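K.L.:
Taking the working numbering, the leading residue of the sequence shown gets 20, the next gets one more, and so forth.
Just so it is clear, CB atoms sit at the ideal spot from N, CA and C, and this is done for glycine as well.
In this text, all values refer to a predicted model and were calculated from it rather than measured experimentally.
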Amino acid sequence: MLPLTEKDIRSSFVNASQRERKEVLLPPTLDELDWERRDFLGWRDPKSPALGYVVAHVDDAPVGVILRQSGDRPGAKAQCSWCEDVTLPNEVVLFSARRSGAAGRNGNTVATLVCSHFECSKNVRVLPPSAYLGFDREAARQHRIEILRQRVQSFVTDIAR
Numbered sequence: 020m021l022p023l024t025e026k027d028i029r030s031s032f033v034n035a036s037q038r039e040r041k042e043v044l045l046p047p048t049l050d051e052l053d054w055e056r057r058d059f060l061g062w063r064d065p066k067s068p069a070l071g072y073v074v075a076h077v078d079d080a081p082v083g084v085i086l087r088q089s090g091d092r093p094g095a096k097a098q099c100s101w102c103e104d105v106t107l108p109n110e111v112v113l114f115s116a117r118r119s120g121a122a123g124r125n126g127n128t129v130a131t132l133v134c135s136h137f138e139c140s141k142n143v144r145v146l147p148p149s150a151y152l153g154f155d156r157e158a159a160r161q162h163r164i165e166i167l168r169q170r171v172q173s174f175v176t177d178i179a180r
């Protein structure tokens with residue numbers, strides 16, 4: 020992922036008002052992030068724990084969305100729809116995002132199950148176990164990274180429509 024500045028992040032949100040953009044609390048470690056090992060920027064709001072933020076590059080431009088965690092917990096242990104990590108190292112929750120523009124103002128939303136603290140970039144970089152003799156573990160890891168990028172880009176693009 021390409022590094023982002025505060026200005027890049029604030030201006031990227033497609034489903035937020037000007038006021039909401041100004042009120043976004045940025046990640047406290049923004050200057051220390053390892054951008055090379057990130058496929059998107061995702062974080063939770065420490066003052067409003069139900070809020071989450073995701074920024075991804077789509078066509079070389081940052082596109083951000085504000086998410087709200089559902090109060091309901093999945094009945095069974097859920098799988099993240101972005102990283103599809105089967106080892107379930109962390110909690111997965113349901114987030115919804117208001118669509119941008121008139122659709123969002125009319126109450127239209129999109130929801131997805133995602134790792135609660137957006138650990139997906141870390142999860143897909145874990146070297147998978149060998150599935151069979153001759154299995155290319157590194158190629159499998161690279162494929163998971165690419166699929167994660169595509170899923171996140173697809174999600175934020177869907178919100179921006």
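1. Residue 122 and residue 87 - do their beta-carbons sit closer together than 9 Å?
2. Determine the burial state of residue 105: buried for a count of at least 16 other Cβ atoms within 10 Å of its Cβ, exposed for fewer.
3. Enumerate in chain order the residues of its own chain whose CB-to-CB distance from residue 179 is below 7 Å, with the five nearest sequence positions on each side excluded.
4. When DSSP labels each residue in this structure, what does residue 61 get in the three-state scheme?
5. Select from 31, 59, 20, 100 the residue whose C-alpha is nearest the C-alpha of residue 114.
6. Out of 156, 151, 111, 29, state which residue places its alpha-carbon closest to the alpha-carbon of residue 130.
7. What are the boundary residues of the alpha helix (DSSP H) that residue 158 is part of?
8. Please go through the same chain and pick out, in chain order, the residues whose beta-carbon is closer than 7 Å to the beta-carbon of residue 66, but skip the five residues on each side of it.
9. Whole angstroms is fine: what's the gap from residue 47's alpha carbon to residue 138's?
10. Pull up the distance between the alpha-carbon of residue 127 and that of residue 71, whole angstroms please.
P.N.:
Taking the geometry as given:
1. Stepping through the sequence shown from its first residue, residue 87 is reached at position 68. Stepping through the sequence shown from its first residue, residue 122 is reached at position 103. In this structure, residue 122 does not lie closer than 9 Å to residue 87 by Cβ.
2. Counting from one through the sequence shown, the residue named residue 105 turns up at place 86. Taking every protein chain shown into account, the CB of residue 105 has fewer than 16 other CB atoms within 10 angstroms, so this residue is exposed.
3. The residue given as residue 179 occupies position 160 in the sequence shown. The answer, listed in chain order, is 33, 82, 119.
4. Position 42 of the sequence shown, counted from the start, is the residue given in the question as residue 61. It is a strand residue.
5. Here residue 114 refers to the residue found at position 95 when the sequence shown is read from its first residue. Comparing Cα-Cα distances from residue 114 to each of 31, 59, 20, 100, the minimum goes to 100.
6. Residue numbering aside, residue 130 sits at position 111 when the sequence shown is read from its first letter. Among 156, 151, 111, 29, the Cα nearest to that of residue 130 belongs to 111.
7. Within the sequence shown, the letter at position 139 stands for residue 158. Residues 156-179.
8. As a position in the sequence shown, residue 66 is number 47, starting the count at 1. Counting only Cβ-Cβ distances below 7 Å, and skipping sequence neighbours, we find 44.
9. Indexing the sequence shown from 1 puts residue 47 at position 28. Indexing the sequence shown from 1 puts residue 138 at position 119. Their Cα atoms are separated by approximately 16 Å.
10. Within the sequence shown, residue 127 is the residue found at index 108, counting from 1. Within the sequence shown, residue 71 is the residue found at index 52, counting from 1. Rounded to the nearest angstrom, the two C-alpha atoms are 18 Å apart.
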